[in-house]
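Colleague:
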Ligand SMILES: [Zn+2]
């Protein structure tokens, strides 16, 4: 008999997608809710009284009026940039050259990579994030480091070796052939092993030659169950550079498309400055895009058009983009997404923000049948939110007319102090 634990509190539940249907019809909060965990999975979700009666043998953990929600899913991060988060004063290309590349070089030391991977996962877990999709560095050992650290914590993680064979310094370049060989060996070592899954990871067109993108496209057709993650149309200067590098391409997306890298299971970070053709192609292909709002404001990239992308039903994930993003917190990331929506005249509701940070991100990573939702059969990755975690939030919460208003205050003003507890794969990690 597996251990059963019954969590009591308010529960956040999804029955649909609040970006394509009204949030009131697709997301709800049950004030007297309960989640039954059995082993590593969610066995039942329902009303506290009903589940208590049906499962009298379960150990009860009563969270009072705290909010039981799916663990956060951060759909685009660079764990190797943990130690350089919040570095001052550069836009994308200079930021990479000044801060990112020297730090990523340091992770060629496997011991340092292990240190950073563990530090990163501890920091994100403290912020209620139970799954991340991360770029590693060009060193295969940096991929081993994040998967090993995740396995030690029981976490579901997606990651891949970052491939770069041009426009990067000595020591951070591979080749088309070695990128193919190393990525293939890593897929065979890690993909679908325990809770690990692999993403083939060209950093972006400026740092991958057409030969390298072609080699990775070939590899993906041999291992079609993997994800493919990269960057797309983050900054205007970057797009101009891509045009110089690949003058025959119709647009930025085409530089990936011509090598078989645009289809479902492709995950494109940023996607801010898209042409109509790119949006049409993304919508047809089943590929996902990932919104990284704190990064987009911090590095000065632009305002993601959530309403337009959502209207085309392109799957959208939400992400910190550590360390281009300025926070490890998905609460802060939701707040930034709200602020960008306001600047565009399309504010997102708390229900939509919470969906993006959990089920939406899981869907963008093709993990929506495993994580991101409180429902029977899902893996028990759960975060508990305190909706009155600081004096400032508490006084706002006491003046709120309903739980949604309380939750919105925590989204806008909350941080790791709002995370009361975290469960990973059915094990309490809080
Ligand atoms: Zn990124």
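In this note's numbering, the protein residues as written are 39 to 468. Note that CB positions come from ideal geometry on N, CA and C, so glycine has one too. Here the structure is a predicted model, which is why all the values come from computation and not from measurement.
How would you write the range of the beta strand (DSSP E) that residue 198 sits in, first residue to last?
Modeller: Position 160 of the chain shown, counted from the first residue, corresponds to residue 198. Residue 198 -> beta strand (DSSP E) spans 195-198.
Colleague: Using only CA atoms, which one of 147, 366, 234 and 417 lies nearest to residue 452?
Modeller: As a first step, residue 452 must be located in the chain shown, where it is residue number 414. Minimum Cα-Cα distance from residue 452 among the listed residues 147, 366, 234 and 417 corresponds to 366.
Colleague: Helix, strand or coil for residue 238 per DSSP?
Modeller: For the purposes of this step, residue 238 is identified with residue 200 of the chain shown, where counting begins at 1. In the structure shown, residue 238 sits in a strand (DSSP, three-state: E or B).
Colleague: Give me whichever residues DSSP pairs with residue 106 in a beta bridge.
Modeller: As a position in the chain shown, residue 106 is number 68, starting the count at 1. DSSP output for residue 106 lists 49 and 422 as bridge partner(s).
Colleague: Hey, which unbroken runs of the beta strand (DSSP E) at 3 residues or more fall wholly within the segment 229-301?
Modeller: 234-240 and 265-270
Colleague: In whole angstroms, what separates the C-alpha of residue 348 from that of residue 316?
Modeller: For this step, residue 348 is matched to residue 310 along the chain shown. For this step, residue 316 is matched to residue 278 along the chain shown. Cα to Cα, residue 348 sits roughly 14 Å from residue 316.
Colleague: Taking 8 Å as the cut-off, is the C-beta of residue 330 nearer than that to any heavy atom in ligand 1?
Modeller: To locate residue 330, count along the chain shown from 1; it is residue 292. At least one heavy atom of ligand 1 is nearer than 8 Å to the Cβ of residue 330, so yes.
Colleague: How far does the alpha helix (DSSP H) with residue 315 in it extend, from its first residue to its last?
Modeller: What you label residue 315 is simply residue 277 of the chain shown in a count that begins at 1. Start and end: 314-323.
Colleague: What residue ranges within the segment 113-195 form continuous alpha helix (DSSP H) runs of no fewer than 4 residues, ordered along the chain?
Modeller: 130-133, 139-144, 148-164 and 178-190
Colleague: Quick one: Cα of residue 371 to Cα of residue 357, how far?
Modeller: Within the chain shown, residue 371 is the residue found at index 333, counting from 1. Within the chain shown, residue 357 is the residue found at index 319, counting from 1. Going by the C-alpha atoms only, they are around 7 Å apart.
Colleague: Mind checking who residue 76 pairs with in its DSSP beta bridge?
Modeller: To locate residue 76, count along the chain shown from 1; it is residue 38. Residue 76 is bridged to 42 and 79.
Colleague: Does the distance between the C-beta of residue 342 and the nearest non-hydrogen atom of ligand 1 fall short of 8 Å?
Modeller: Indexing the chain shown from 1 puts residue 342 at position 304. No, since every heavy atom of ligand 1 falls outside the 8 Å radius drawn around the Cβ of residue 342.
Colleague: What is the DSSP secondary structure of residue 435, counted as helix, strand or coil?
Modeller: Walking along the chain shown from the start, residue 435 turns up at place 397. DSSP places residue 435 in helix when its eight states are reduced to three.
Colleague: Is the Cβ-Cβ distance between residue 329 and residue 362 less than 9 Å?
Modeller: Within the chain shown, residue 329 is the residue found at index 291, counting from 1. Within the chain shown, residue 362 is the residue found at index 324, counting from 1. No, Cβ-Cβ distance for residue 329 and residue 362 is not below 9 Å.
Colleague: Can you name, in chain order, every residue of its own chain whose Cβ lies under 7 Å from the Cβ of residue 466, other than the five neighbours on each side?
Modeller: On the chain shown, residue 466 is found 428 positions in, with the first residue counted as 1. 459, listed in sequence order.
Colleague: Report all residues for which the CB-ligand distance to some heavy atom of ligand 1 is below 6 Å; order them along the chain.
Modeller: 114, 116, 269, 307, 359 and 362
Colleague: Have a look at residue 116 and residue 88 and give me their C-alpha separation to the nearest angstrom.
Modeller: Position 78 of the chain shown holds residue 116. Position 50 of the chain shown holds residue 88. For residue 116 and residue 88, the distance between alpha carbons rounds to 43 Å.
Colleague: Is the beta carbon of residue 111 sitting closer than 9 Å to the one on residue 395?
Modeller: Here residue 111 corresponds to residue number 73 of the chain shown, with the count starting at 1. Here residue 395 corresponds to residue number 357 of the chain shown, with the count starting at 1. Yes. Within cutoff.
Colleague: Please determine, among 339, 463, 379 and 195, the residue with the shortest C-alpha to C-alpha distance to residue 417.
Modeller: As a working note, residue 417 is residue 379 in the chain shown. Out of 339, 463, 379 and 195, 463 has the C-alpha closest to the C-alpha of residue 417.
Colleague: Between residue 382 and residue 147, what straight-line distance do the alpha-carbon atoms span, to the nearest angstrom?
Modeller: Numbered from its first residue, the chain shown carries residue 382 at position 344. Numbered from its first residue, the chain shown carries residue 147 at position 109. The alpha-carbon atoms of residue 382 and residue 147 are separated by roughly 43 Å.
Colleague: Going by DSSP, which residues form a beta bridge with residue 326?
Modeller: Here residue 326 refers to the residue found at position 288 when the chain shown is read from its first residue. Partner(s): 305.
Colleague: Going by C-alpha distance, which of 129, 215 and 162 is nearest residue 193?
Modeller: Locating residue 193 in the chain shown gives position 155, counting from the first residue. For the residues 129, 215 and 162, the minimum Cα distance to residue 193 belongs to 162.
Colleague: Would you check if the segment 254-264 and the segment 217-224 touch, i.e. whether three or more CB-CB distances between them fall below 8 Å?
Modeller: yes
Colleague: Return the first residue and the last residue of the beta strand (DSSP E) that residue 10 is part of.
Modeller: Any property of residue 10 remains undetermined from this structure, which presents the chain solely from 39 to 468.
Colleague: Once the 5 residues before and after residue 266 are set aside, which same chain residues still bring their CB inside 6 Å of it?
Modeller: If you number the chain shown from 1, residue 266 lands on position 228. Correct list, in chain order: 238, 258, 299 and 304.
Colleague: Could you name the residues that DSSP lists as bridge partners for residue 67?
Modeller: Locating residue 67 in the chain shown gives position 29, where the first residue counts as 1. BP columns for residue 67 point to 50.
Colleague: Give the secondary structure of residue 459 by DSSP, where H, G and I count as helix, E and B as strand, and everything else as coil.
Modeller: For the purposes of this step, residue 459 is taken as residue 421 along the chain shown, with counting starting at 1. Residue state, collapsed to three classes: strand.
Colleague: For residue 178, count the other beta carbons within 10 Å of its own beta carbon; 16 or more makes it buried, fewer makes it exposed. Which is it?
Modeller: Along the chain shown, read from residue 1 onward, the residue named residue 178 stands at position 140. Around the beta carbon of residue 178, 16 or more other beta carbons sit within 10 angstroms, so the residue counts as buried.
Colleague: Alpha carbon to alpha carbon, how far is residue 413 from residue 281?
Modeller: Position 375 of the chain shown holds residue 413. Position 243 of the chain shown holds residue 281. So the two alpha carbons sit approximately 46 Å from each other.
Colleague: Quick check: residue 310 and residue 246, are their CB atoms within less than 9 Å of each other?
Modeller: If you number the chain shown from 1, residue 310 lands on position 272. If you number the chain shown from 1, residue 246 lands on position 208. No, the Cβ-Cβ distance between residue 310 and residue 246 is not below 9 Å.
Colleague: In the DSSP assignment, the beta strand (DSSP E) including residue 356 goes from what residue to what residue?
Modeller: The residue labelled residue 356 in the question sits at position 318 within the chain shown. From DSSP, the beta strand (DSSP E) with residue 356 extends over 354-356.
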